[in-house]
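Just below is one structure, and these are the notes that go with it.
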Amino acid sequence: MSPANHLDRARVFFGRLSTTEARVYVELPEAAAGASLHGMVVGPRSRYAKTLPARLPLRPVKATAGLLAEAFVPDPCFWSADSPYLYDVEIELIQDGAVIEQATRLLGLRPLGASGRQLRYEGKNWVLRVAGSLDAFEFSDLHEQELAVVATHPDDQFCRECSEAGVLIVADLDGGLAIDQELERLARWPAVGLAYMVNPEEVPADPRVHARNILLLHRVSDDPRALPWADAVCVRVDELSALPAALVQMEKPVIAWRPSGERVGAIENRRAVDRLQRDVALYLSEHPAGAEPAGYWA
1324 MSPANHLDRA
1334 RVFFGRLSTT
1344 EARVYVELPE
1354 AAAGASLHGM
1364 VVGPRSRYAK
1374 TLPARLPLRP
1384 VKATAGLLAE
1394 AFVPDPCFWS
1404 ADSPYLYDVE
1414 IELIQDGAVI
1424 EQATRLLGLR
1434 PLGASGRQLR
1444 YEGKNWVLRV
1454 AGSLDAFEFS
1464 DLHEQELAVV
1474 ATHPDDQFCR
1484 ECSEAGVLIV
1494 ADLDGGLAID
1504 QELERLARWP
1514 AVGLAYMVNP
1524 EEVPADPRVH
1534 ARNILLLHRV
1544 SDDPRALPWA
1554 DAVCVRVDEL
1564 SALPAALVQM
1574 EKPVIAWRPS
1584 GERVGAIENR
1594 RAVDRLQRDV
1604 ALYLSEHPAG
1614 AEPAGYWA
């Protein structure tokens, strides 16, 4: 095994996650005989709070292919907009008893998921609010307004700053780059909680393997039930009359999207999101659909 750059392909992700415990994994898809993964999960830490970081060991576990290591994190601190707690995952690749490569990855334990027609955060129904018309990225304003931000193929520096600041990213993966490679890269950043795609023909057959902890969002104009990889769908609602049918037909969380014609700051963008939510609520009170959007994007 060559000692160079094997850990560039390592995937760090969490499995079981609750208020009492978390399971953290490091996976290396390919490895030679005699190699194993070890290391430490160190944290939590946050720019908004003083913490006493713990050092929790990563230990090798049996894998069906390649290498796998697991760490048990008791009483985990979650990554959220209010409290963006981070862990540093220190990884060692060992072969024949010698450390041949080391790397450190950032991890946020983000309890974001989808269930039925709802998004869930820490096991509770949660409403996504997305700023899609920003004239500038002011991290403090986005954090205060509790807005997620849309970014097209966001670079690593932007992802790092959002991860530290507590700003959730909705990554736009359309155009230019291979989606599987982009998912692998973006999955390294705690702030990247959702990624959306428009063209299903560009999506790899099994995108989930590249980003186990990112929700995959499909911006649709047709029936998304044929797309099993989509955790949620985004529906354009310039005309609110299109929304009730979408809420009835789609069996996944629906994000209502009304693009703005101008770019504004975070405060004005939050007002636009709130206006969309009020307009939708009023329309659905007169045209019931039996469900409500799981998020709003303006």
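Count along the sequence shown from 1, add 1323, and you get the number used in the numbering used here. Beta carbons: idealized from backbone N, C-alpha and C, even for Gly.
Three-state secondary structure (DSSP) of residue i
i       : result
ILE1537 : coil
ARG1370 : coil
VAL1532 : helix
ASP1398 : coil
PRO1611 : coil
ASP1411 : strand
ARG1339 : strand
ARG1332 : helix
ARG1508 : helix
Within-8 Å CB hit, residue i to chain B
i       : result
ALA1358 : The chain inventory of the structure shown lacks chain B, comprising one protein chain alone.
Chain-order list of residues whose beta-carbon lies under 6 Å from that of residue i (same chain, five-residue window excluded)
i       : result
TYR1619 : ARG1452, ALA1579, VAL1596, LEU1599 and GLN1600
PHE1336 : TYR1348, ARG1535 and ASN1536
LEU1605 : none
GLU1353 : GLY1389
VAL1571 : ALA1612
Proximity below 8 Å, CB of residue i to CB of residue j
i       : j       : result
ALA1617 : ASN1592 : no
ALA1459 : ILE1492 : no
GLU1445 : PHE1401 : yes
HIS1610 : PRO1576 : no
SER1369 : TYR1408 : yes
ALA1474 : ALA1494 : yes
Cβ-based neighbour list, residue i, same chain, cut-off 7 Å, excluding 5 preceding and 5 following
i       : result
ASP1411 : VAL1365, GLY1366, THR1427 and LEU1429
ILE1502 : LEU1496, MET1520, GLU1525, VAL1526, PRO1527 and PRO1530
PRO1551 : none
Sequence-distant residues of the same chain with beta carbon closer than 8 Å to residue i, five excluded per side
i       : result
HIS1466 : ALA1404, ALA1488, GLY1489 and VAL1490
Legend entry - Unbroken stretches of the alpha helix (DSSP H), 4 residues or longer, contained in the region 1536-1607: 1566-1572
Legend entry - Contained alpha helix (DSSP H) runs [length at least 4] in the region 1416-1501, N- to C-terminal order: 1462-1468 and 1479-1488
Legend entry - Segment contact flag, the region 1392-1401 with the region 1343-1357, C-beta cutoff 8 Å, min 3 pairs: yes
Legend entry - At least three beta-carbon pairs within less than 8 Å, the region 1369-1382 to the region 1417-1432: no
Inset, instruction - Check whether the region 1549-1558 touches the region 1407-1425, taking contact to mean three or more Cβ pairs, one atom from each stretch, closer than 8 Å. - result: no
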